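K.L.:
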Amino acid sequence: MKNVIIGTAGHVDHGKTQLIKALSGIDTDRLSEEQKRGITIELGFAHIPNDDGYNIGVIDVPGHEKFIKNMLAGIGGIDFVLFVVAADEGIMPQTKEHFEILQALGIDDGIIAITKKDMVDDEWMEMLLDDVKEYFKGSFLDGKPMIPVSSKTGDNLDVLKAEIIKKCDRESKRREEPELFRLPIDRVFSMQGFGTVVTGTLVDGVLREGDEMTIYPEVLAAKVRGIQTYGKDTDVAVAGQRTAVNLSNIKKADIDRGSVLAAPGAVSVTNMLDTRLSVFKSSDRQIFNNSRVHLYTGSKEVLAKVIIMDRDAIASGDTAFVQLRLEEEIAVRRGDRFIVRFYSPVITIGGGIILDARPEKHKRNREDVLSDFRVLASGDIYKIVHLKAGKWKYYKQQEFGRELGLTVQEMRNIIGSLEEHSRIIVLADGSIVSDEKFKVLEGTAAQIIEEYHSQNPMVDGIPKRELLSRIKEYRHIEDDKLGQAIIVKLLESGMLEDKGKAISLAGFQVEFSAGQLALMDRIAQMYADAGCEVIKNEDIYELAGDKSIAAAIQGELVERGMIIKLDAGHFINRAAWDDIVAAARELYDEKPDGFTLAEYRDKLGISRKFATVLLSGLDKLGITMFNGSSRKIIK
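The opening residue of the sequence shown carries number 1 in UniProt numbering; numbering runs sequentially from there.
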């Protein structure tokens, strides 16, 4: 069954509530004060019965200017509007205000109902229809059905209802994936024996009894105990239905109108928004930079400061990129619409669309910032993902998708396509960076290692731990895994070279002077002369006069295959090492059950101290294995 939500709009006392009662049989003025005063104060709800297989919900909004904020709490989630103009009065102030609000909220379809048909003659009606048609010319209501009706006599109500049914067949723009579920809460109350109940228009997704949900921005875990749609119990509610939800483990005092019931992670909690904001053409006021305004989005009202990115004021009919800095957190999604009203006097002045629900704080009058806004405003999701992947934050796929209001599969497809075209890079820990951001990381790593090479010219690379620490410091990264993932990707790209415990720029070699090369020959000869007797590192350091130069020469001799490294403190001539290995193999041939340290010492004719160092080296290099009393050859 298809689900549709209609919202009313129009000036106070133009007959919206009476019309809904005539169509549905439900009086949406449920408060005693509303019935006493004869005007709608709070949101009212009804459903229109029909035999065509539609669930048609109706939100009746207040028309009085004092209750515009209540109107805004309900009108944003509708599929199309039933715009009401009274035949005896025509276009009035709240007619205009409601109409501009609807346009700012992106409502794009509707029906115009000319009420109180019974109160005017045909000539007056013909003139009024011309006036109304002219007023809506060029707007989303231009050319839409315009039907004179009388709630009192019932005249033309069947025609209006037939047009409503036709509209219900329009293609829904709502998302139905459960992971995107959200319901802006417009009422909260308690029922004895049931507990807390919230109501709202289910704008996206699907809700089932027993689902685990979250209330935002409070971030309260809630379990769905029961569901009603249009006053009837149900196991499931879907996008496009007016829905009441009985929640477990939630107190009425913990939440209020403006909170959002959503799938975990389905909305962004934020106190800052990047937006495109327009001032109504009919407004005689401007919005100045740093102005304080009332912001309305979903069912939430919050105070905000307006930071205009490229000018000092937004004049009537103009549009600008604006960062809104909120005085409290709200729960929203990219693409949500909003309305702004002056802080004082509280009058409606404009509205717009959220381009980024989790932005960085921007400086004004900067071309790079404005360029980013233009990308966000383009709506090109591939460009938007690429843009945000280049900013300070390191997103992972699921978090990225949630912030952009996309499903896991949608995000996976976008990332796959961008990765295929080398526009983004996925790091080993799942973090997503743009190609430009990765170039910045490459530059950072190169700078760090070049500085290290210049300060330590005789060392073949920076210690891995030090490189990790410096990259984290330079790029303001707190997570070790992210830092390590960056280094892994830099190694995979071929920019860096892994040298065991150290990392260098690819192709880096220690360059020795003529004097150092002569010293290298002397040190090589020392190892050759020592034969099987191990030289202390201290003797090499003393000859070189500099520990770092000596260590670099030792490393170069190992690289050239002239000496063998037994451990950090011991090296030995390569030819002597071959004799040492051969002696062990010969001894094992003689003693296949294993040979002892003393037997090996006597075989080579060296001291016990030297034999101990050599056998330890044989063990570490996997040639022998010690069982506690003797050794065997294993390779």
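Positions of the beta carbon are idealized from the N, C-alpha and C atoms, including for glycine. For clarity, every value in this text was computed on a predicted model and none was experimentally measured.
(1) Could you pull the start and end residues of the alpha helix (DSSP H) that F438 belongs to?
(2) May I ask whether a heavy atom of the ligand ATP can be found less than 7 Å away from the beta carbon of M119?
(3) Would DSSP call N271 helix, strand or coil?
(4) Check whether the Cβ atoms of I501 and G483 lie closer than 8 Å to each other.
(5) Enumerate in chain order the residues of its own chain whose CB-to-CB distance from Q286 is below 8 Å, with the five nearest sequence positions on each side excluded.
(6) Span of the alpha helix (DSSP H) holding P93?
(7) Mapping the DSSP letters down to three states, classify V510 as helix, strand or coil.
(8) Look at the alpha carbon of S151 and the alpha carbon of S259, and state the distance between them as a whole number of angstroms.
(9) L207 and D254 look like a contact to me (Cβ under 8 Å); what is the Cβ gap, rounded to whole Å?
(10) Quick check on V159: buried or exposed, where buried means 16 or more other Cβ atoms within 10 Å of its Cβ?
(11) Spell out a yes or no on whether the region 567–577 and the region 588–595 are touching, meaning 3 or more CB-CB pairs, one atom from each, closer than 8 Å.
(12) For the beta strand (DSSP E) holding R292, just list the boundary residues, first then last.
(13) With 16 other CB atoms within 10 Å as the buried threshold, where does I549 fall?
(14) Quick check for students: name the residue ranges of the beta strand (DSSP E) that lie wholly in the region 542–595, counting only runs of 3 or more.
(15) I need the straight-line Cα distance from V4 to K16, nearest angstrom please.
(16) Judging by CA-CA distance, which residue of R182, M191 and L247 is the nearest neighbour of E209?
(17) When you compare only the Cα positions, how much space is there between I540 and G605?
(18) Based on DSSP bridge pairs, tell me the residues matched to A9.
(19) So, at 7 Å on beta carbons, what are the nonlocal neighbours of G561 in its own chain, with the 5 sequence-adjacent residues on each side left out?
(20) Do you know offhand how far N271's Cα is from L468's?
(21) Do the CB positions of R334 and L303 come within less than 8 Å of each other?
(22) Which first and last residues belong to the beta strand (DSSP E) in which Y54 is found?
(23) Answer with buried or exposed for V634, where buried requires no fewer than 16 other C-beta atoms within 10 angstroms of its C-beta.
(24) In or out: K173 buried (at least 16 other Cβ within 10 Å) or exposed?
(25) Would you list, in sequence order, the uninterrupted beta strand (DSSP E) runs of no fewer than 3 residues that lie entirely inside the region 181–252?
(26) Please state if the CB of A506 and the CB of E492 are separated by a distance shorter than 8 Å.
(27) According to the Cβ coordinates, are I78 and G10 closer than 8 Å?
(28) Assign Y343 to buried or exposed, taking buried as 16 or more other Cβ atoms, counted over all protein chains shown, within 10 Å of its Cβ.
P.N.:
Let's see:
(1) D435 to Q455
(2) Questions concerning the ligand ATP fall outside what the structure shown contains, since it holds no ligand whatsoever.
(3) strand
(4) It should be pointed out that residue 501 corresponds to Lys in this sequence rather than to Ile. No, these two residues do not count as a Cβ contact at 8 Å.
(5) V279, A313, I314, A315 and S316
(6) P93 to A104
(7) coil
(8) 36 Å
(9) No, L207 and D254 are not in contact; Cβ-Cβ is about 20 Å, not under 8 Å.
(10) exposed
(11) no
(12) R292 to T297
(13) buried
(14) 563–567 and 570–573
(15) 18 Å
(16) L247
(17) 24 Å
(18) F83
(19) R574
(20) 33 Å
(21) no
(22) Y54 to D60
(23) It is Ile, not Val, that sits at residue 634 in the sequence shown. Under this definition I634 is an exposed residue.
(24) exposed
(25) 182–184, 187–191, 195–201, 206–208, 212–216, 220–229, 232–234, 236–238 and 242–248
(26) no
(27) no
(28) exposed
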